[in-house]
Structures are given as structure tokens and as C-alpha cells.
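Residue numbers (mature numbering (1 follows the signal peptide of the UniProt record, and there is no 0)): -20 to -1, 1 to 429.
For glycine and all other residues, C-beta sits at the position ideal for the given N, C-alpha and C.
Everything below concerns the one structure shown next.
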Ligand SMILES: *[C@@H]1O[C@H](CO)[C@@H](O)[C@H](O)[C@H]1NC(C)=O
Ligand SMILES: *[C@@H]1O[C@H](CO)[C@@H](O)[C@H](O)[C@H]1NC(C)=O
């Protein structure tokens, strides 16, 4: 295994200016487009507070568990605060925690602007936020406009702002960052020795946008559920496709999937976090059609068999018809140099735009653009609860169900002691634990007392 990547060693010594922060122009463009959703009126305080109305009654908390879905966040003078705390019984998964860890790192590497927003914890993008093609929005709680909300995956029909799926990028043992750190090893299998088969594994799972026929192919048919239909394709073409759900195929660790020239990615509720990692492996990635996308997808180019000179990062399928993966694999086999180039381009892209410094830069840029839309004074004094994020991370690092969810130590060791927002030692632990364990805890700033 290789030593820590160079940027990880250098990070503490680099100033913001030296680190630089330049995104792919297409990613910048998406940020500009998404943060423009509020138009001239901008983001008013009532929009931000409508998120609490989403969870405004004891009945909604108890029956709909709305207080498990949203994390409210406020940034003032570069310090990140939380305005609610997630109930202990849903704490654990890295979806929410990973973003908090990454946001904290971003706040220590960059001076973040004053801004306020929420992070959506469910992996289903906020179905209650609707964004129509004409730009109009709806949200069921007064004043019915769009609250500034972040999520790691979305479709064009909802108005959230995209952030990295930080949990999968940095928390899990097979996270993107962990794979990136052992890239020399992963790329040791030469292209020529990789099997000319399209390999894929996943949990059998059919999400509503496939079952309700929301994704269409060029032949006018609806895209079948890729995660089940590919079992059939694999049965029919075992020499070309080995893409099964886990009831049919044995699991293979990600780090061993570089044995194959072609890797198949399919989405679930949200974008597949495996897709990010596949881009690193040097194989050509085949991606099933989906309505979901993540923060960097606008910068990716699909392969175009009619234009082999163009840069491409993946090979799309279920675009023309339900079995076109067969033609895609046959094409890739017949165009070995092109397929190899797609795998290489994907890796170069991932190492430039998906590595941790790039993700921190993205968060900085997104928050900077978002802050320009805010039309009221951002202040903790206007909030019932403002827990410094560093204290929440100290709590998570110690609490039973979250202590091993992500790697907290590397950040708390580096920044915790010098963070002016941090309280001495564990002095606030019990207070935070009590709030997390209070089944009705939610700061209802906006609701009548
Ligand atoms: C959450 O806190 C309550 C109250 O202290 C406790 O009874 C329960 O076991 C905790 N649940 C988890 C999953 O930690
Ligand atoms: C896939 O194969 C199964 C089992 O052979 C069959 O029942 C099912 O109809 C097939 N699905 C499609 C979409 O062809």
C-alpha cells in the first residue's frame, strides 16, 4: 500500500490561496444555475424557517419522524453551527455524518461565508420540494417557496443543491478516499490482462422512477429496472455480461473488481456511490440510464460511438433499447484502445475532481454562491439552538452508535484543540447526549411559543 497521498501530508501547511480552488467549469455552471433558483427575491429567512414547519408539531415528529430527515446548519464568522440535533435512534449511518465531517474540514481549510441552509438526510431527494421546468417551485409549508436544502443526489424535478456523498467518499473502509490511497495497487492489473466481461453486483432493488416508467429509451420504451433485468441479460450472454444482484451472484470486494475491463453501475434510490469509486479503477464504466445525478455529473461526458475523438468518461446503456448493453460490450471489445482510454480518462477525472481537496473546494464554492442569495442577517442570536459543529463531531466520536461511523480523529486532532468554537474536552458531551436522546427535540424557532 502506498503512503498517504501527497495532498494529505501537505494540507495542514497550505493556505487557502496556495491550495487554490478551481472547479470544472461545468460544475461551476451547475452551482450558478441551482443557486439562481431564488431569483431577485433571494433567500428570505421565512424560507429557511419553513424547514422547521416541516416538523412543526409533536404529531409529525412522532408519526412521520420528520425530525430525522433534516439537519439545519448555520455558518457565522466561519464557524459552522447546527440548529437541530438528530435523534439518537437514527444516528449511525454515514450519509449524514460524512457530510458534517467534510463540512467541518471545509470550514477549517477555507473561510466559509455567512449562510444558512439544511442538509437532507434521507437518500430519497426531498420529494416534497418540487421544481418545475419553468423554474417555479412548490413546498408544502409556508411561505411555500424553496428552502435552501442540500442533498447528495437529485433529479431535475426537485430544487435541492448538490453536495458530495461525503460518507461514501471518506467514511467507509472501502471509501473513495481509501481506494484512492491504494491506487498503485489497484491499477497493478494491466489492461490487457483484465477480463473482457462487463461485471456488476448490487442488491436487487427497483426504485419508483423505473417501476413507474419515468425513464425512457430512444425506442420509446421505459427503461426496465436495471438491477433485476441485468440478471436476464447476464443469463442470455454469459460471455459478455456478468452483472447480477446478490441473490444470483457472489459479492466481490470493490478493490478486486479491477479484474474486469468493464464495470456496470446502476442507481438505487439515489446515485450509486460505487460509480464514484469505479471511475478510479481504470476499467471502462458502463452506466444504466437514470434520472438521478450527483454534484460532478454535469462534467462527465458519455462515450459516443460515432465520435471516437471526443473525450469520454463512461459508456451509457439502456439508452437505445433494453438490451443495448450487449452492443456496448461488443463495441468496447472491438474498440479496445478507445475503451481503455475511457477508463483512463475516468481515473484522471476522478483524481482531479473527486478527491478530497476538490470536494472541499466544491463545498466552499457552493456555499459562497449560496451566501450571495441570502437577504437577512445570519446570526445564531436568531436561533434557539446553535451547537458548534466541532462539538457535535466530538459527541459523534464518542457516542456508541456513531463512534466508528467515520474517521473523526484526523480532523479533531488537527483542528479540535485550536478551534475557538470548541469547548474544553468533553465538557458538553452530556448536554448534547441529552438533546440527541430527547425524542421530541427540535428547535421550533419559527413557531409560536
Ligand atoms: C436513544 O436514547 C434512549 C434514551 O436514552 C435510549 O433508551 C435508547 O436506547 C437510545 N437508542 C439508541 C439506538 O442508542
Ligand atoms: C427475466 O427472467 C425471469 C426468469 O427467467 C423471467 O420471469 C422474467 O420475465 C424476465 N424479465 C424480463 C423483463 O424479461
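Task: Nearest neighbour of residue 403, chosen from 388, 386, 194 and 369 [CA to CA] - done: One-based indexing of the chain shown puts residue 403 at position 423. Ranking 388, 386, 194 and 369 by Cα distance to residue 403 puts 369 first.
Task: Any non-hydrogen atom of ligand 4 within 7 Å of residue 204 CB - done: Within the structure as shown, ligand 4 is missing, the only ligands being ligand 1 and ligand 2.
- [ ] Considering only heavy atoms of ligand 1, list every residue whose Cβ is less than 6 Å from one of them, following chain order.
- [x] Going by the Cβ distance cut-off, the answer is 68, 69, 381 and 417.
- [ ] State the start and end residues of the unbroken beta strand (DSSP E) segment that holds residue 175.
- [x] The count along the chain shown starts at 1 and reaches residue 175 at position 195. Where residue 175 is concerned, the enclosing beta strand (DSSP E) stretches over 175 to 182.
Open item on the list: For residue 305 and residue 168, what's the separation of their Cα atoms in angstroms?
Closed with: Position 325 of the chain shown, counting from 1, holds the residue named residue 305. Position 188 of the chain shown, counting from 1, holds the residue named residue 168. Each residue's alpha carbon lies about 27 Å from the other.
TODO: Report whether the distance from the Cβ of residue 63 to the nearest heavy atom of ligand 2 is below 7 Å.
DONE: As a first step, residue 63 is located in the chain shown; it is residue number 83 there, counting from the start. No, ligand 2 has no heavy atom inside 7 Å of this Cβ.
- [ ] Taking the CB atoms as reference points, tell me whether residue 181 and residue 240 lie closer together than 8 Å.
- [x] Taking the first residue of the chain shown as position 1, residue 181 is located at position 201. Taking the first residue of the chain shown as position 1, residue 240 is located at position 260. Going by C-beta atoms, residue 181 is not nearer than 8 Å to residue 240.
Open item on the list: Is the separation between the beta-carbon of residue 23 and that of residue 355 shorter than 8 Å?
Closed with: The residue labelled residue 23 in the question sits at position 43 within the chain shown. The residue labelled residue 355 in the question sits at position 375 within the chain shown. By the CB criterion at 8 Å, residue 23 and residue 355 fall inside the cutoff.
Open item on the list: I need the DSSP call for residue 302, collapsed to helix, strand or coil.
Closed with: Here the question's residue 302 lines up with position 322 in the chain shown. Note: residue 302 maps to coil in three-state DSSP.
- [ ] In the DSSP assignment, find the beta strand (DSSP E) that holds residue 211 and state where it starts and stops.
- [x] Translated into positions along the chain shown, residue 211 becomes position 231. Judged by DSSP secondary structure, residue 211 falls outside any beta strand (DSSP E) and instead within the alpha helix (DSSP H) spanning 206 to 216.
- [ ] Express the C-alpha separation of residue 44 and residue 138 in angstroms, rounding to a whole number.
- [x] Counted from its first residue, the chain shown places residue 138 at position 158. Counted from its first residue, the chain shown places residue 44 at position 64. Cα to Cα, the separation comes out at about 21 Å.
Open item on the list: Considering only DSSP beta bridges, list what residue 264 is partnered with.
Closed with: Within the chain shown, the letter at position 284 stands for residue 264. Looking at the DSSP assignment, residue 264 forms a beta bridge with 242.
- [ ] Classify residue 223 as buried or exposed, calling it buried when 16 or more other Cβ atoms lie within 10 Å of its own Cβ.
- [x] As a working mapping, residue 223 is identified with position 243 in the chain shown. So residue 223 counts as buried.
Task: Cβ-Cβ separation, residue 72 to residue 151 (assumed contact under 8 Å), whole Å - done: Along the chain shown, read from residue 1 onward, the residue named residue 151 stands at position 171. Along the chain shown, read from residue 1 onward, the residue named residue 72 stands at position 92. Between residue 72 and residue 151 the Cβ distance is about 11 Å, and since that is not below 8 Å, they are no contact.
TODO: Look up residue 143 in the DSSP assignment and say whether it is helix, strand or coil.
DONE: On the chain shown, position 163 is the one that residue 143 refers to. Residue 143: coil per DSSP, three-state reduction.
Open item on the list: Using C-beta distances below 6 Å, list every residue in its chain close to residue 117, excluding the 5 sequence neighbours before and after it, in chain order.
Closed with: Working through the chain shown from its first residue, we reach residue 117 at position 137. Within the same chain, residue 117 has close Cβ partners 111, 126 and 139.
Open item on the list: Which residue wins for smallest C-alpha separation from residue 30, given the options 98, 83, 55 and 74?
Closed with: Locating residue 30 in the chain shown gives position 50, counting from the first residue. Cα-wise, what sits closest to residue 30 is 98.
Task: Boundaries (first-last residue) of the beta strand (DSSP E) holding residue 96 - done: As a working mapping, residue 96 is identified with position 116 in the chain shown. From DSSP, the beta strand (DSSP E) with residue 96 extends over 95 to 100.
Task: Within the segment 23 to 49, ranges of the alpha helix (DSSP H) (whole runs, at least 4 residues) - done: 25 to 33 and 38 to 44
Task: Three-state secondary structure (DSSP) of residue 134 - done: Here residue 134 refers to the residue found at position 154 of the chain shown. Of the three classes helix, strand and coil, the one that applies to residue 134 here is strand, per DSSP.
Task: Beta-carbon separation (whole angstroms), residue 351 vs residue 94, contact threshold 8 Å - done: Walking along the chain shown from the start, residue 351 turns up at place 371. Walking along the chain shown from the start, residue 94 turns up at place 114. Rounded, the Cβ-Cβ distance is 6 Å, consistent with contact.
- [ ] Would you mind stating whether residue 343 and residue 82 have Cβ atoms separated by less than 8 Å?
- [x] Stepping through the chain shown from its first residue, residue 343 is reached at position 363. Stepping through the chain shown from its first residue, residue 82 is reached at position 102. Going by C-beta atoms, residue 343 is nearer than 8 Å to residue 82.
Open item on the list: Can you look up residue 256 in the DSSP assignment and give me helix, strand or coil?
Closed with: For this step, residue 256 is matched to residue 276 along the chain shown. Residue 256: helix per DSSP, three-state reduction.
Task: Separation of residue 58 from residue 87, as counted between CA atoms - done: Counting from one through the chain shown, the residue named residue 87 turns up at place 107. Counting from one through the chain shown, the residue named residue 58 turns up at place 78. Whole-angstrom Cα-Cα distance: 6 Å.
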